[in-house]
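Number of protein chains: 2
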Amino acid sequence: MQNKEQLKSGNDILEKIRKILPDLPGRMRQCGEFIVSHHDQIAFSTVAEISTMANVQPSAMMRFCSQLGLSGYSEMQKIFRKEVSKAAPDYATRLSNLQAKGDLSASKLLAEFVEAGRFSLEKMTSEINIKNLDHAVDLLARTEMIHIVGYRRAFPIASCLSYTLEKLHVPNICHDDVGKVSKYSAIRDGDVVIAATFAPYTAGTIEFVEKALEKGATVIALTDTEISPVNMDGVILLKVVDVDVGDFRSLSASINLAMALAVSVGNAREQI
Amino acid sequence: MQNKEQLKSGNDILEKIRKILPDLPGRMRQCGEFIVSHHDQIAFSTVAEISTMANVQPSAMMRFCSQLGLSGYSEMQKIFRKEVSKAAPDYATRLSNLQAKGDLSASKLLAEFVEAGRFSLEKMTSEINIKNLDHAVDLLARTEMIHIVGYRRAFPIASCLSYTLEKLHVPNICHDDVGKVSKYSAIRDGDVVIAATFAPYTAGTIEFVEKALEKGATVIALTDTEISPVNMDGVILLKVVDVDVGDFRSLSASINLAMALAVSVGNAREQI
DNA sequence: TCAGATTTGGAATATTTATTCCATTTTGCA
DNA sequence: TGCAAAATGGAATAAATATTCCAAATCTGA
Chain A
601 MQNKEQLKSG
611 NDILEKIRKI
621 LPDLPGRMRQ
631 CGEFIVSHHD
641 QIAFSTVAEI
651 STMANVQPSA
661 MMRFCSQLGL
671 SGYSEMQKIF
681 RKEVSKAAPD
691 YATRLSNLQA
701 KGDLSASKLL
711 AEFVEAGRFS
721 LEKMTSEINI
731 KNLDHAVDLL
741 ARTEMIHIVG
751 YRRAFPIASC
761 LSYTLEKLHV
771 PNICHDDVGK
781 VSKYSAIRDG
791 DVVIAATFAP
801 YTAGTIEFVE
811 KALEKGATVI
821 ALTDTEISPV
831 NMDGVILLKV
841 VDVDVGDFRS
851 LSASINLAMA
861 LAVSVGNARE
871 QI
Chain B
601 MQNKEQLKSG
611 NDILEKIRKI
621 LPDLPGRMRQ
631 CGEFIVSHHD
641 QIAFSTVAEI
651 STMANVQPSA
661 MMRFCSQLGL
671 SGYSEMQKIF
681 RKEVSKAAPD
691 YATRLSNLQA
701 KGDLSASKLL
711 AEFVEAGRFS
721 LEKMTSEINI
731 KNLDHAVDLL
741 ARTEMIHIVG
751 YRRAFPIASC
761 LSYTLEKLHV
771 PNICHDDVGK
781 VSKYSAIRDG
791 DVVIAATFAP
801 YTAGTIEFVE
811 KALEKGATVI
821 ALTDTEISPV
831 NMDGVILLKV
841 VDVDVGDFRS
851 LSASINLAMA
861 LAVSVGNARE
871 QI
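The listed protein sequences correspond, in order, to chains A and B. The C-terminal residue of the first sequence carries number 872 in our numbering, and the numbering is unbroken. The C-terminal residue of the second sequence carries number 872 in our numbering, and the numbering is unbroken.
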């Protein structure tokens with residue numbers, strides 16, 4: 601049994617197993633069948649657990665992994681873990697490595713941002729709180745005035761929201777602090793505020809949220825963690841994480857959430 | 601610290617952490633914050649890995665788990681593992697789930713924007729003119745002043761560029777037309793203008809480009825076609841297309857190109 | 001049927017990981 | 001300012017897990 605192919609992915613492993621399965625003796629066959637049908641559990645189960653479930657001895661499972669050309673169960677588990685784990689790739693390290701090698705061209709950097717953007721978008725599909733999203737749309741569809749606040753890095757998100765809502769003829773005020781004038785007084789009881797802020801959380805946005813809540817407005821927060829300082833009592837939190845590229849972040853997830861939110865509101869208002 | 605509540609689910613744990621977080625000392629706080637924001641990784645990671653990522657000692661993490669009323673990290677991991685084994689659908693499944701909620705739902709719209717964003721990023725990778733990108737970076741790295749213009753839908757891109765360049769201490773003026781005042785007079789011979797405009801091409805941006813060229817500035821255009829009205833003689837064109845969702849567009853490609861451009865310029869300036 | 005080859009189960013061993021313990025440092029309060 | 005309490009880092013220890021080894025059982029082919 602000479603294994604020329606390096607098994608790099610879970611699929612490689614499953615394909616290999618399917619190929620050799622017909623010629624396997626008893627226990628080896630059981631191992632193969634079990635792994636194929638329960639591959640989603642490999643990432644977080646021990647040899648002992650897996651072999652018990654497969655009705656084989658632990659050493660049988662070890663032998664099976666050797667037969668696949670792997671050094672052991674651990675190597676197989678690592679491959680499956682990599683695919684199941686939702687940890688963001690370490691773009692910061694990748695960037696420093698590129699920089700250290702003097703290999704940091706604009707096109708390489710663009711590729712990193714594209715990758716980070718893609719990852720952020722995909723991750724958002726599993727992390728978004730749909731109940732809160734629907735609740736936010738409902739509130740925004742009914743309110744007389746939408747206030748939008750997002751400074752510094754979050755300002756593109758705020759301006760995008762404001763532009764989109766205006767195109768849809770939804771009354772909104774984008775609080776841009778022109779002339780360093782904050783206009784809390786424009787907020788009325790019953791209005792809704794959309795506040796966008798991400799680590800390290802601009803103080804002005806936090807203050808704005810506090811003032812808004814005091815005035816009886818409802819606040820919808822676009823932010824990157826449940827323990828964000830804007831997650832105050834009664835705030836509807838839409839968690840959205842954009843991954844870092846060095847000291848910066850792709851804005852892909854948050855800006856697309858903003859667009860989807862605004863267009864949903866526009867649609868909902870047409871039906872009221 | 602008497603813990604009466606039995607923590608049975610991942611959510612119980614996260615809720616408990618959020619409650620005690622404000623009163624925690626240094627390392628305990630770090631542990632709590634890390635777990636809340638990376639709870640999807642607990643199932644797959646060792647104490648050593650987690651504590652390294654959280655920048656605490658392993659024993660700190662152990663102490664934190666004790667403070668939650670758990671017997672240790674293993675008990676916490678078991679709880680999260682139990683929930684992972686039935687969750688974790690892949691991206692395609694998550695997308696379908698979002699799309700299944702009804703044609704006008706916010707989640708379906710979000711799914712559409714996510715897909716549009718991913719597609720736009722993918723497309724940009726194959727369509728970007730690398731020669732022009734490098735040329736643009738070179739010019740931007742050498743100029744005394746960068747002027748940025750992008751109105752209406754392109755304004756988030758302009759503001760994102762401006763913010764990023766400012767963070768990198770690159771001199772730039774974002775022409776935002778506050779009070780409907782355009783400031784062509786600030787443009788000097790030798791300056792570089794980044795103009796972002798996409799169909800249907802804001803008249804103000806076209807006029808700005810014309811004025812800039814007259815004044816001897818170099819213009820870099822972020823636009824969606826070679827036949828864009830800003831593709832005037834001598835303009836360096838960076839073509840970037842964001843795909844439509846109904847009457848709107850995901851901004852993913854253009855905003856990530858802007859980020860990559862700005863960061864490249866920052867890097868290039870550090871080497872001059 | 002028998003002998004050699006292959007497979008198997010499980011004990012022993014090695015490695016990895018979780019946990020405990022304790023000296024030192026830091027914090028908070030009178 | 002000083003002291004007691006709390007927090008911390010890290011080494012030592014315990015526990016869990018992966019792996020290796022080998023005697024016994026089973027299979028295969030002449």
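Glycine included, every Cβ here is placed at the ideal spot set by N, Cα and C. Quick caveat: nothing in here was measured; it's all calculated off a predicted structure.
Looking only at DSSP bridge pairs, what is residue i linked to?
i, result
"Ala-796(B)", "Leu-822(B)"
"Phe-664(B)", "Paired residue(s): none; Phe-664(B) is not in a bridge."
"His-775(B)", "Val-749(B)"
"Ile-836(A)", "Ile-820(A)"
"Arg-742(A)", "Looking at the DSSP assignment, Arg-742(A) forms no beta bridge with any residue, so it has no partner."
"Phe-848(A)", "Val-845(A)"
Measuring straight from C-alpha to C-alpha, what distance separates residue i and residue j?
i, j, result
"Thr-652(A)", "Thr-646(A)", "10 Å"
"Ala-741(B)", "Ile-836(B)", "15 Å"
"Lys-604(A)", "Leu-621(B)", "Caution applies to Lys-604(A), whose pLDDT of 48 falls short of 50 and renders its modelled position unreliable; the value that the coordinates give is listed next. Near 52 Å, if we compare the C-alpha coordinates of Leu-621(B) and Lys-604(A)."
"Val-778(A)", "Asp-777(B)", "11 Å"
"Glu-807(A)", "Pro-625(B)", "25 Å"
"Asn-697(B)", "Phe-713(B)", "15 Å"
"Lys-815(A)", "Arg-663(B)", "42 Å"
"Ser-671(B)", "Arg-681(A)", "25 Å"
"Phe-719(A)", "Ala-643(B)", "20 Å"
"Asp-738(A)", "Ala-868(A)", "7 Å"
"Glu-649(A)", "Glu-615(A)", "23 Å"
"Val-770(B)", "Glu-870(B)", "10 Å"
"Asn-655(A)", "Asp-612(A)", "24 Å"
"Ser-637(A)", "Pro-829(A)", "44 Å"
"Ile-728(B)", "Lys-783(B)", "31 Å"
"Met-661(A)", "Asp-623(A)", "17 Å"
"Glu-683(B)", "Val-684(A)", "13 Å"
"Gln-641(A)", "Ser-852(B)", "35 Å"
"Lys-780(A)", "Glu-766(A)", "23 Å"
"Leu-768(A)", "Val-792(A)", "17 Å"
"Phe-798(A)", "Ala-862(A)", "19 Å"
"Tyr-673(B)", "Met-628(A)", "34 Å"
"Gln-602(B)", "Pro-658(A)", "In this prediction, Gln-602(B) scores a pLDDT of 43, lower than 50, which makes its location untrustworthy; no coordinate-derived value is stated."
"Arg-788(A)", "Glu-810(B)", "44 Å"
"Gln-677(A)", "Gln-677(B)", "17 Å"
Assuming residue i contacts residue j under a Cβ cut-off of 8 Å, what Cβ separation, rounded to an integer in Å, is found between them?
i, j, result
"Ala-716(A)", "Val-841(A)", "About 11 Å separates the two Cβ atoms, so there is no contact after all."
"Thr-825(B)", "Lys-839(B)", "7 Å"
"Asn-772(A)", "Ser-762(A)", "6 Å"
"Ala-812(A)", "Ile-757(A)", "Incorrect: roughly 17 Å between the Cβ atoms, too far for contact."
"Ile-748(A)", "His-775(A)", "7 Å"
Does at least one heavy atom of the ligand SAM sit under 8 Å from the Cβ of residue i?
i, result
"Ala-796(A)", "The ligand SAM is not among the ligands present in this structure, which contains no ligands whatsoever."
Using only CA atoms, which one of the options lies nearest to residue i?
i, options, result
"Ile-746(B)", "Ser-637(B), Gly-866(B) and Arg-663(B)", "Gly-866(B)"
"Ala-821(B)", "Ala-858(B), Ile-787(B) and Val-656(B)", "Ala-858(B)"
"Gln-606(B)", "Ile-679(B), Ser-659(B) and Arg-869(B)", "Ile-679(B)"
"His-639(B)", "Met-832(A), Ile-827(A) and Ala-853(A)", "Ile-827(A)"
"Ile-855(A)", "Leu-710(B), Phe-719(B) and Lys-619(B)", "Leu-710(B)"
"Tyr-618(B)", "Ile-872(A), Met-832(A), Val-863(A) and Ala-862(A)", "Looking at the sequence itself, residue 618(B) is Arg, so the reference to Tyr does not match. Taking only the C-alpha atoms, the option nearest Arg-618(B) is Met-832(A)."
"Ser-609(A)", "Ala-660(A), Glu-675(A) and Met-628(A)", "Glu-675(A)"
"Ile-764(B)", "Val-781(B), Ser-864(B) and Met-628(B)", "Here residue 764(B) is Thr; the residue named in the question, Ile, does not match the sequence. When only C-alpha atoms are compared, the closest one is Ser-864(B)."
"Glu-744(B)", "Pro-658(B), Lys-767(B), Ala-786(B) and Val-781(B)", "Ala-786(B)"
"Gly-834(B)", "Ile-872(B), Ala-736(B) and Pro-658(B)", "Ala-736(B)"
"Ala-860(B)", "Leu-695(A), Thr-823(A) and Pro-658(A)", "Leu-695(A)"
(request) May I ask you to verify whether the segment 677 to 696 of chain A touches the segment 841 to 858 of chain B, counting CB pairs closer than 8 Å and requiring at least 3? (result) Not touching, per the Cβ criterion.
(message) Would the segment 750 to 766 of chain B count as touching the segment 802 to 814 of chain B if we require 3 or more Cβ pairs under 8 Å?
(response) Three or more pairs of CB atoms, one per stretch, sit closer than 8 Å, so the segment 750 to 766 of chain B contacts the segment 802 to 814 of chain B.
(request) Indicate whether the contact test is met: 3 or more Cβ pairs, each with one atom in the segment 702 to 718 of chain A and one in the segment 703 to 712 of chain B, closer than 8 Å. (result) Fewer than three pairs of CB atoms, one per stretch, sit closer than 8 Å, so the segment 702 to 718 of chain A makes no contact with the segment 703 to 712 of chain B.
(request) Determine contact between the segment 627 to 647 of chain A and the segment 655 to 670 of chain A, defined as no fewer than three beta-carbon pairs at a distance below 8 Å. (result) Taking 8 Å as the limit for Cβ pairs, the verdict is that the segment 655 to 670 of chain A does touch the segment 627 to 647 of chain A.
(message) Whether or not the segment 729 to 739 of chain B and the segment 720 to 738 of chain A are in contact is what I'm after, with contact meaning three or more pairs of Cβ atoms, one per stretch, closer than 8 Å; do they touch?
(response) Too few Cβ pairs lie closer than 8 Å, so no.
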